[in-house]
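Chains as they are written, first to last, in my numbering: chain A, 1 to 423; chain B, 1001 to 1152; chain C, 2001 to 2219.
For each residue, glycine too, the CB sits at the ideal point set by N, CA and C.
Just so we're clear, the structure is a prediction, and the values are computed from it rather than from any experiment.
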């Protein structure tokens, strides 16, 4: 066994706990997980069946953790996990899985398949079998601090630009602010309007907030590739920043996996509960709305629908707030079929959009999203994840669908009136 | 009248007709066009410059510019090529210029997106955050007003 | 060994051996699986009524929105044969008498014509589920020797029992003995095959529901 494979197998073994053992023993090969997975439904290729992604882990579990399996291994009746097999599994564990979690909510015996894929990735990356695109994102995170190579000057440049555009000062490193706003690289690079929207909304609601020069990046490449050590480094940076600035709440941006990483995995990664709250921006906006601090004016009149990012809704538990917020500013809102907690993935999450060799597959899987949109025929599509936005736009462009995509936060901000005497 | 800050820029834009706003927007995008060089954007800007640009023609140009915009997104997790990203913002700026309906915000949006393109270029060159595109935009608008005989 | 000796053996020694293996096997496997434990979740929970491990244990029995039409034979066929098996096993007078003789408790059964009908429907459902496994791409792809073997282990008791009651195929004594043997084989293999889902489904649904319930998502 090569050094990498040995490490991978060891890590994979360490991942196995009672839930995984229960799941692996419960699977009855019913194939219902496949029917919930867009990579299977749109390609018809059974190799994309979710539970199949775990086959090397299942065999390892049998051989290491069951009496009969260990006996079988002793007499040479088992098939060991090999480097070649893990290499073959790379496409199944990464390119064709966005960690969307639909499989986990349909399995009749209750298997949490996405939980297992997440752990499988730890073994895969330790064995060296992760896609180059993700490896690059990880290297950049370690060396530069951001998976996309975004450094503080870029953040400052965007801050200056947004200040000019919106006429509002962007606070940096303000101790004692109520909210610490995190950004994802995607927003810094592609969507400066997100920061502007935050500034406008916070001013309107009378809330104090700040960016942090040492911790502005929310995207967690460690989580996507399956490297908990790296995931921990990124979370720790945010925790240190939040504690140093003594904020009450850290706001996770319009990004799916950043929320999952910080809100749900963060405390477990650093080994202690957080001393501050973590909320997705959508949750913050909803809280402001409930407190009567978000007084919007006017409505969007075109036909709108909402794409629920998987990590926010099904995996994050934020399902109703975005609907309440849409109701504030949308006159003609229509839900897609399967909207909400059963929504179909855009096809690009979990690091998938960083995998160049997976692009063709993603575009094929997009047919499912296309069919949802064809059923509702909106004029515009609203969502709350920067990656979903781009993946959706690319898919729409590929299928020649003329449908603009906008972010929820910036749309709400457009309906916040400017303060009187401030123009 | 000299324009020396964004407040004055916005005021000057507000005083223009819709057609003139489209033309000013185009002018400002033209200043950063080198950061893209895309033929679809070039064609769109040429069209937007004409006072008689029809809705059907604008729609065709808009589709081409949109494709250029979507093609040039930096995807999540990829290494950022700031030079390529500059081209993305040129496309976004150009998109403002070929909207069927122009309003108060159109030229301003084009200006902002053009500035983002310049920011990307300065980041690519490692030149820090000093953005002089705003100044260049003020000069361009002053020249436009002068030519129209409104530099009172 | 003649038929009667065979029958006596499966009713006596065979049954004792089977029950020992079954009970010890189930206990051992439960320890082997759940003894691995899991780490505590340190993230702040989101409290939503109706979202918990316990809720998922029963809620997961209902097909999630949109899924029934995507896999109707799995759901409908699956329910019919599971419920049918339960009816045949627990509501047939001879079976109830067996349990009473071993453990004590007794309860009323269903008329034997009803049980007869249910066993035929159950067998038909099992054949449908088998056909589905052969024809549906994802199922066929996933299927291993274990799937065909366990199907056979589950089907044979139904078939042999039905044949015995109707005095078909083989002399009654032999048919009955084979029926009991087939049940014993089913019980012996149950803890060590996918049939163990009979026990682990509850744990799996609970873990799944707990993890998602922690985030406030009722699954």
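- Using beta-carbon distances, residue 2060 (chain C) counts as an interface residue toward chain A, with a partner under 8 Å.
- Contact annotation: residue 1045 (chain B) and residue 1058 (chain B) have beta-carbon atoms that are not nearer than 8 Å.
- Contact check between the segment 2204 to 2212 of chain C and the segment 101 to 117 of chain A: three or more CB pairs, one atom from each, fall below 8 Å, which counts as touching.
- A check of alpha carbon separations from residue 384 (chain A) across A:172, A:281, A:332 and A:64 identifies A:281 as the nearest.
- Only 2136, 2137, 2138, 2139, 2141, 2142 and 2143 from the segment 2119 to 2146 of chain C bring a Cβ to less than 7 Å from some Cβ of chain A.
- Looking at the DSSP output, residue 211 (chain A) bridges to A:172.
- The residues 1040, 1041, 1044, 1091, 1094, 1095 and 1098, in chain order, have a CB closer than 8 Å to that of residue 1065 (chain B) in the same chain once the five nearest residues on each side in sequence are set aside.
- Counting along the chain, the unbroken alpha helix (DSSP H) around residue 1045 (chain B) starts and ends at 1039 to 1049.
- Taking a Cβ-Cβ threshold of 7 Å, the residues of chain A close to residue 2192 (chain C) are 68, in chain order.
- When Cβ-Cβ separations below 8 Å define contact, residue 1131 (chain B) makes contact with chain A.
- The CB of residue 134 (chain A) comes closer than 8 Å to the CB of 1077 in chain B, given here in chain order.
- Taking a Cβ-Cβ cut-off of 8 Å, residue 227 (chain A) has no neighbours in chain C, whose nearest Cβ is about 18 Å from it.
- Counting only runs that start and end inside the segment 2096 to 2167 of chain C, the alpha helix (DSSP H) elements of at least 4 residues fall at 2112 to 2135, 2137 to 2142 and 2145 to 2165.
- For the set C:2014, C:2019 and C:2199, the Cα lying nearest the Cα of residue 2103 (chain C) is the one of C:2019.
- A straight line joining the alpha-carbon of residue 244 (chain A) with that of residue 197 (chain A) spans about 25 Å.
- Any Cβ of chain C closer than 8 Å to the Cβ of residue 49 (chain A) would place that residue at the interface, and such an atom is present.
- Where residue 330 (chain A) is concerned, the enclosing beta strand (DSSP E) starts and stops at 330 to 333.
- For residue 397 (chain A), the uninterrupted alpha helix (DSSP H) run begins and ends at 386 to 398, by DSSP.
- Residue 1104 (chain B) sits in a helix when the DSSP states are folded into three classes.
- Straight-line measurement puts the Cα of residue 2097 (chain C) at about 13 Å from the Cα of residue 2011 (chain C).
- If you draw a straight line from the Cα of residue 2126 (chain C) to the Cα of residue 106 (chain A), it comes to about 22 Å.
- According to the DSSP assignment, residue 277 (chain A) belongs to no alpha helix (DSSP H) but to the beta strand (DSSP E) extending over 277 to 280.
- Residue state for residue 45 (chain A) is assigned as coil, using DSSP reduced to three classes.
- Excluding the 5 residues flanking it on each side, residue 1035 (chain B) has same chain C-beta neighbours closer than 7 Å at 1086, 1087, 1090, 1117 and 1121, in chain order.
- If you draw a straight line from the Cα of residue 1027 (chain B) to the Cα of residue 1053 (chain B), it is about 16 Å long.
- Under the Cβ distance rule, residue 129 (chain A) does not count among the residues neighbouring chain B, no pair being separated by less than 8 Å.
- Per DSSP, residue 2068 (chain C) lies in no beta strand (DSSP E) segment and is marked neither H nor E.
- The segment 218 to 238 of chain A makes contact with the segment 252 to 266 of chain A, as at least three CB pairs between them are under 8 Å.
- For residue 2044 (chain C), the chain A residues whose C-beta falls within less than 9 Å of its own C-beta are 263, 267, 273, 274, 277 and 278, listed in chain order.
- Counting of Cβ neighbours within 10 angstroms places residue 325 (chain A) among the buried residues, the total reaching 16 or more.
- Neighbours of residue 2200 (chain C) in chain A, taken as residues whose beta carbon is under 7 Å from its own, are 22, 25 and 26 in chain order.
- Here residue 396 (chain A) has 403 as same chain residues with Cβ atoms under 6 Å from its own Cβ, once five neighbours each way along the sequence are excluded.
- Between the alpha carbons of residue 1073 (chain B) and residue 2193 (chain C) lies a distance of about 50 Å.
- Beta-bridge pairing by DSSP links residue 179 (chain A) to A:209 and A:249.
- Using a Cβ distance threshold of 8 Å, residue 2061 (chain C) and residue 35 (chain A) do not count as a contacting pair.
- Annotation for residue 1006 (chain B): the continuous alpha helix (DSSP H) segment containing it runs 1006 to 1014.
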